[in-house]
Ligand SMILES: [Zn+2]
């Protein structure tokens, strides 16, 4: 399992722009690519309490995963935002973690990535 996520600065900014549009709701999406992040895929937050939690809308998620597969890209990470909190996994983030890719969290104090539910941090290396 990767200990480093490589993301071009331009795509990090694209992700931030998506999450700003969603605020004060939490935003969620996917990072995909081969070695480094090549695509940012915003997804609708379908959680009934979107200001404090997120749920990638299942049909949009399925469609996005199929598209990635069709393009030969791998899912590299799932990202979401904490519009009013730190870039640390919440108890709910840990309890509901299902994916075997890093969880990237954009908080008020920056952006960090973790394997969940273990909580081991993954380095984010910004390129460019
Ligand atoms: Zn969270």
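Residue numbers (the working numbering): 130 to 257.
Glycine residues also receive a C-beta, built at the ideal position from the N, C-alpha and C atoms.
Quick caveat: nothing in here was measured; it's all calculated off a predicted structure.
query = Taking the alpha helix (DSSP H) that residue 147 falls in, what are its first and last residues?
reply = 138-151
ask   = Within 7 Å: the Cβ of residue 222 and any heavy atom of ligand 1?
value = yes
task = Buried or exposed for residue 144, please, with buried defined as at least 16 other CB atoms from any protein chain shown within 10 angstroms of its CB.
result = So residue 144 counts as buried.
ask   = Excluding sequence positions up to five away, which residues of its chain have a Cβ less than 6 Å from the Cβ of residue 224?
value = none
inquiry  = Is residue 176 a contact residue of ligand 1, with contact defined as CB to any heavy atom under 7 Å?
reply    = no
key: Any 3 or more C-beta pairs closer than 8 Å across the segment 241-253 and the segment 173-187   = no
ask   = From which residue to which residue does the alpha helix (DSSP H) around residue 189 run?
value = Taken as a continuous stretch (DSSP letters only), the alpha helix (DSSP H) holding residue 189 covers 187-199.
message = Let me make sure I understand the geometry here. Which of 178, 221, 182 and 162 has the alpha-carbon closest to that of residue 140?
response = 162
Cβ pair residue 193, residue 230 closer than 8 Å = no
query = Between the segment 172-182 and the segment 195-205, do at least 3 Cβ pairs fall closer than 8 Å?
reply = no
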